[in-house]
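Student:
There are 2 protein chains.
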Amino acid sequence: MTQSGSITIEDVAKAAGVSRQTVSRVINFQPNVRQSVREKVEAAIAELGYVPNQAARRMGGSRSYQILAIFEKDAVGRSDGRLPLDQMMLAGLRVCGPRGYHLLFEEVDASGQKSLGDPSEQIARALTSLKPDGVVLCPSLEEDPGIRSVLDQRGVASDYLGQRSEFGRLVPGLDDGFFAEAAAEHLLALGHRQMGFVSGHHDPVRSARRRDGYRRALIKVGSRAHGHFISDAPLAFDEAFDLTRAWLTPTIRPTAIIAETEETARAVLRAAQSLKISVPDDLSLLVLDDAPGLSHCEPALTVLHQDYAAHFSQACERLITANTKSASAMTDNKNTDAREDGFALIDRESVAAPPRNR
Amino acid sequence: MTQSGSITIEDVAKAAGVSRQTVSRVINFQPNVRQSVREKVEAAIAELGYVPNQAARRMGGSRSYQILAIFEKDAVGRSDGRLPLDQMMLAGLRVCGPRGYHLLFEEVDASGQKSLGDPSEQIARALTSLKPDGVVLCPSLEEDPGIRSVLDQRGVASDYLGQRSEFGRLVPGLDDGFFAEAAAEHLLALGHRQMGFVSGHHDPVRSARRRDGYRRALIKVGSRAHGHFISDAPLAFDEAFDLTRAWLTPTIRPTAIIAETEETARAVLRAAQSLKISVPDDLSLLVLDDAPGLSHCEPALTVLHQDYAAHFSQACERLITANTKSASAMTDNKNTDAREDGFALIDRESVAAPPRNR
DNA sequence: GTGAAAGCGCTAACAT
DNA sequence: ATGTTAGCGCTTTCAC
Numbered sequence: 001m002t003q004s005g006s007i008t009i010e011d012v013a014k015a016a017g018v019s020r021q022t023v024s025r026v027i028n029f030q031p032n033v034r035q036s037v038r039e040k041v042e043a044a045i046a047e048l049g050y051v052p053n054q055a056a057r058r059m060g061g062s063r064s065y066q067i068l069a070i071f072e073k074d075a076v077g078r079s080d081g082r083l084p085l086d087q088m089m090l091a092g093l094r095v096c097g098p099r100g101y102h103l104l105f106e107e108v109d110a111s112g113q114k115s116l117g118d119p120s121e122q123i124a125r126a127l128t129s130l131k132p133d134g135v136v137l138c139p140s141l142e143e144d145p146g147i148r149s150v151l152d153q154r155g156v157a158s159d160y161l162g163q164r165s166e167f168g169r170l171v172p173g174l175d176d177g178f179f180a181e182a183a184a185e186h187l188l189a190l191g192h193r194q195m196g197f198v199s200g201h202h203d204p205v206r207s208a209r210r211r212d213g214y215r216r217a218l219i220k221v222g223s224r225a226h227g228h229f230i231s232d233a234p235l236a237f238d239e240a241f242d243l244t245r246a247w248l249t250p251t252i253r254p255t256a257i258i259a260e261t262e263e264t265a266r267a268v269l270r271a272a273q274s275l276k277i278s279v280p281d282d283l284s285l286l287v288l289d290d291a292p293g294l295s296h297c298e299p300a301l302t303v304l305h306q307d308y309a310a311h312f313s314q315a316c317e318r319l320i321t322a323n324t325k326s327a328s329a330m331t332d333n334k335n336t337d338a339r340e341d342g343f344a345l346i347d348r349e350s351v352a353a354p355p356r357n358r
Numbered sequence: 001m002t003q004s005g006s007i008t009i010e011d012v013a014k015a016a017g018v019s020r021q022t023v024s025r026v027i028n029f030q031p032n033v034r035q036s037v038r039e040k041v042e043a044a045i046a047e048l049g050y051v052p053n054q055a056a057r058r059m060g061g062s063r064s065y066q067i068l069a070i071f072e073k074d075a076v077g078r079s080d081g082r083l084p085l086d087q088m089m090l091a092g093l094r095v096c097g098p099r100g101y102h103l104l105f106e107e108v109d110a111s112g113q114k115s116l117g118d119p120s121e122q123i124a125r126a127l128t129s130l131k132p133d134g135v136v137l138c139p140s141l142e143e144d145p146g147i148r149s150v151l152d153q154r155g156v157a158s159d160y161l162g163q164r165s166e167f168g169r170l171v172p173g174l175d176d177g178f179f180a181e182a183a184a185e186h187l188l189a190l191g192h193r194q195m196g197f198v199s200g201h202h203d204p205v206r207s208a209r210r211r212d213g214y215r216r217a218l219i220k221v222g223s224r225a226h227g228h229f230i231s232d233a234p235l236a237f238d239e240a241f242d243l244t245r246a247w248l249t250p251t252i253r254p255t256a257i258i259a260e261t262e263e264t265a266r267a268v269l270r271a272a273q274s275l276k277i278s279v280p281d282d283l284s285l286l287v288l289d290d291a292p293g294l295s296h297c298e299p300a301l302t303v304l305h306q307d308y309a310a311h312f313s314q315a316c317e318r319l320i321t322a323n324t325k326s327a328s329a330m331t332d333n334k335n336t337d338a339r340e341d342g343f344a345l346i347d348r349e350s351v352a353a354p355p356r357n358r
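Below, the structure is given as structure tokens:
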């Protein structure tokens, strides 16, 4: 069926009795091709099993049908709130594939490798080698001015996971503050007022933004809990365990705790168990980071998590759309910003109303 | 510093006062360039910040510097023993990047999508579009004859995660039998004889191979436990819980259990707890699948896991090496097969000698 | 609406 | 050991 010696656009042109150019127009969905001709070409394509050669497209034209995702070495992984590269990739693949785009990942290592140069040089190299149509900068690379400027200089389209407003301006990057605020408000709505926050995130800056969001939510309803029940930095398991025990021992204690990661959540849970404090009857526990094992805790832990995969695929989509649009309509990108919230609640068994409300 | 209008091989040639071809030879580490000339060219490259254009290399030559990893939709993820795509990608990137290769991932969906055609057609399309130098077929795609034959026809180099011997012949694919055998032997060496095996793997075929390996190990030492303490199919949490309780209730009961996944491990642990059977004092628990939360169980769970990332990066490496070799030395690939075992023990707290041995 | 010509940046094959 | 000549398969630009 499929022949071995590559089938080129030339072959299709010949088979359809048209010029290469017409075939090119058809495969690129460009105008100025009569319907009848288009159909003839499409038939020839189907019959010959023609598939355009990616490298050749890049060579000839201006688009490369490649989008490049760049992430920081330490920012991806399976613990402490790191990015779920696997899920992001799957989501990205599913938007890129059908549109004929390919997705490439590149890791940059900020911790000064000598031979490779600094991160922006690494990226510059990748850009000239690959000439991607767009790049997705994963957190917290979007905050690196050196990288941003390389991208700008080259005029490479870039996008990010989410955006937030900072000092009244919209800046790229996840809105961790809003996210934590939403988490707190979820518990507030249930009636909780004495509410704790245990940090565990690998990125102290993002973690601090989350604590701010949590504070805002509590201040808004006039609770002073944020003065008492909050860790002032990301904690490891043992620290989180000790801190939680300290919170839960006195009579006045939180009725709900937000744990930033799987690890801290397990610590909180164990601390509660050690004190015979029942979850969720006496204490609600909300985790900001999902993991498969969380559904097999006793009780199963309720999670509100940032949907990194959705954020990522949306970034890919925007990049592709911008690329396609500018090629034809070139409508001004007024940045409609109908971005989703980008987080999702998985309601399991660890969150309930506070005791006095029942 | 770095100029915007692309710097090409031509620019370097001019700057170094040589021909394009000589520059090409230098960047490809080919022979027949005088040391002095080589240095002049290298200097020019460094000065101009030249980086070869990937697409152009593909167009001109026969190598594409791309390797394509293909996986099945349902075979990757974070539960039930699925492939850790993120870790594989990182490992792969780290071998490909330094050698100038790029890594692409492609998902195939066996569950008959109409528009895309069957898996081998999807792959055929990717192959003609990308012309990768090699492809890594992830489990259990290596068992699909249709896919293998597409690869063969096109003469695309392919490699796999591991290999095992089957009916006396070496076939591609992970050696799950040997792996489970090793797990059982680890416990056997500690003195366990009554040993259970709880399946939970998403792939029943691989799971069955593991159970066989476990059986072999027990038979080898004359234990009959494999007749009693083994699930006959992959189990979900509740089933694993019930089965384990059934095993642990009578007087004659296993002193060790191998759980295939995080989920089943948690089920076993809970079953033991519910029966007040202490782990590891009365029961050892060995898990075949790691997850971050496993180190925060009570007790922390000991894991022996297949190192998919290592398998994957080794496959990439072999592909690249073969590609490079054939370009210069073309030594016959006698398949030295110095492949690693490809699994690793993470010794935590859930495995100990059986009670009677202490 | 369609076609012809001219590259894109590189490497293979062949000179020299 | 080095240079020259052809392309690779596509898109762009510009004719028609």
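Chains A and B, in that order, give the protein sequences.
For the record, in the first sequence the residue sitting at position 273 is 273 according to the numbering used here, with numbers rising by one throughout.
For the record, in the second sequence the residue sitting at position 2 is 2 according to the numbering used here, with numbers rising by one throughout.
Yeah, the Cβ is synthetic: ideal placement off N, Cα and C, and Gly gets one too.
At the 8 Å Cβ level, is A:Leu53 part of the contact set with chain B, yes or no?
Tutor: For clarity, residue 53 of chain A is Asn in the given sequence; the question names Leu instead. So yes, A:Asn53 belongs to the interface.
Student: Quick check on B:His296 - is its C-beta less than 8 Å from some C-beta in chain A?
Tutor: Chain A, which has a Cβ nearer than 8 Å to the Cβ of B:His296, makes this yes.
Student: Does at least one heavy atom of the ligand GDP sit under 7 Å from the Cβ of A:Cys297?
Tutor: Questions concerning the ligand GDP fall outside what the structure shown contains, since it holds no ligand whatsoever.
Student: Only counting the same chain, and skipping five residues up and downstream in sequence, which positions put a Cβ closer than 7 Å to that of B:Ala353?
Tutor: Counting only Cβ-Cβ distances below 7 Å, and skipping sequence neighbours, we find Leu190 and Gly191.
Student: Measure the alpha-carbon distance for B:Ala44 versus B:Thr22 and round it to whole angstroms.
Tutor: About 12 Å.
Student: Which whole runs of the beta strand (DSSP E) in the stretch 84-167 of chain A are 3 residues long or more, in chain order?
Tutor: Listed in chain order, they are 102-108, 134-137, 157-160 and 163-166.
Student: Closest Cβ-Cβ distance between A:Phe29 and chain B: below 8 Å?
Tutor: Answer no: the Cβ-Cβ gap between A:Phe29 and chain B never drops below 8 Å.
Student: By the criterion of Cβ-Cβ separation under 8 Å, what are the contact partners of A:Leu90 in chain B?
Tutor: In chain order: Val76, Leu85 and Glu107.
Student: Are B:Ala271 and B:Thr244 touching if we call contact CB-CB under 8 Å?
Tutor: Yes, they are a contact pair.
Student: Could you name the residues of chain B that A:Leu48 contacts, counting a contact when the two beta carbons are closer than 7 Å?
Tutor: Those do not exist, as A:Leu48 stays about 11 Å from chain B at its closest Cβ, beyond 7 Å.
Student: Measure the CB-CB distance between A:Val303 and A:Val287 and report whether it falls below 8 Å.
Tutor: Yes, Cβ-Cβ distance for A:Val303 and A:Val287 is below 8 Å.
Student: Taking 8 Å as the CB-CB limit, is A:Leu304 close to chain B?
Tutor: So, not an interface residue.
Student: Exposed or buried, A:Pro84, counting other C-beta atoms within 10 Å across all chains shown (16 or more means buried)?
Tutor: Flag for A:Pro84 reads buried.
Student: Relative to the C-alpha of B:Leu161, which residue among B:Thr321, B:Gly155, B:Asp152 and B:Glu143 is closest?
Tutor: The residue with the shortest Cα to Cα distance from B:Leu161 is B:Glu143.
Student: Distance cutoff 8 Å, beta carbons only. Does A:Pro234 sit that close to anything in chain B?
Tutor: False, the Cβ-Cβ gap to chain B never drops below 8 Å.
Student: B:Met89 to B:Asp133, Cα distance in whole Å?
Tutor: Between B:Met89 and B:Asp133, the C-alpha separation is close to 17 Å.
Student: Residues of the stretch 276-297 of chain A with a CB closer than 7 Å to any CB of chain B: list them in chain order, please.
Tutor: For the stretch 276-297 of chain A, which is checked against every Cβ of chain B, the residues closer than 7 Å are Ala291, Pro292, Gly293 and His296.
Student: I'd like to know whether the C-beta of A:Phe237 is nearer than 8 Å to at least one C-beta of chain B.
Tutor: Judged by the 8 Å Cβ criterion, A:Phe237 is in contact with chain B.
Student: Cα-Cα, which of A:Ala310, A:Gln306, A:Arg169 and A:Leu345 is closest to A:Gly81?
Tutor: The option with the nearest alpha carbon to A:Gly81 is A:Gln306.
Student: So is A:Ser274 buried or exposed if we call it buried at 16+ other beta carbons inside 10 Å?
Tutor: With fewer than 16 other Cβ atoms within 10 Å, it is exposed.
Student: Please tell me whether B:Ile320 and B:Tyr101 are closer than 8 Å, where the distance is taken between their beta carbons.
Tutor: For B:Ile320 and B:Tyr101, yes; Cβs fall inside 8 Å.
Student: Just to confirm, are B:Asp176 and B:Arg206 a CB contact at a threshold of 8 Å?
Tutor: Yes.
Student: Tell me the rounded alpha-carbon separation between A:Glu349 and A:Leu285.
Tutor: Approximately 9 Å between the Cα atoms of the pair.
Student: Using the beta-carbon of each residue, which ones in chain B are nearer than 9 Å to A:Glu263?
Tutor: Here the neighbours are Pro292, Gly293, Ser295 and His296.
Student: From the beta carbon of A:His102, is the nearest beta carbon of chain B less than 8 Å away?
Tutor: By this cut-off, A:His102 is an interface position.
Student: Which residue spans inside the stretch 238-287 of chain B form an unbroken alpha helix (DSSP H) run of at least 4?
Tutor: Within the stretch 238-287 of chain B, the complete alpha helix (DSSP H) runs of at least 4 residues are 262-274.
Student: For B:Leu345, which residues from the same chain have a beta carbon less than 8 Å from its beta carbon, with the 5 sequence-adjacent residues on both sides left out?
Tutor: Taken in chain order, the residues that qualify are His186, Thr302, Val303 and Leu304.
Student: Under a three-way DSSP split, which group does A:Thr22 fall into?
Tutor: Looking at A:Thr22 - three-state DSSP - the assignment turns out to be helix.
Student: Check whether the Cβ atoms of A:Glu181 and A:Gly222 lie closer than 8 Å to each other.
Tutor: Result no, Cβ atoms of A:Glu181 and A:Gly222 do not sit closer than 8 Å.
Student: Give the secondary structure of B:Gly227 by DSSP, where H, G and I count as helix, E and B as strand, and everything else as coil.
Tutor: Three-state result, B:Gly227: helix.
Student: So is B:Ala256 in contact with chain A if we call contact Cβ pairs under 8 Å?
Tutor: Closer than 8 Å: no.
Student: Tell me B:Gln194's beta-bridge partners as DSSP assigns them.
Tutor: Looking at the DSSP assignment, B:Gln194 forms no beta bridge with any residue, so it has no partner.
Student: Taking the alpha carbon of B:Ala217 as the point to measure from, which residue in B:Asp242, B:Phe179 and B:Gly61 has its own alpha carbon closest?
Tutor: Minimum Cα distance to B:Ala217 is reached at B:Phe179.
Student: Identify the residues that DSSP records as bridge partners of B:Leu304: which are they?
Tutor: Per DSSP, B:Leu345.
Student: Using a C-beta cutoff of 8 Å, does A:Leu93 count as contacting chain B?
Tutor: It does: the Cβ of A:Leu93 has a partner Cβ on chain B nearer than 8 Å.
Student: I need the DSSP call for A:Ala15, collapsed to helix, strand or coil.
Tutor: DSSP places A:Ala15 in helix when its eight states are reduced to three.
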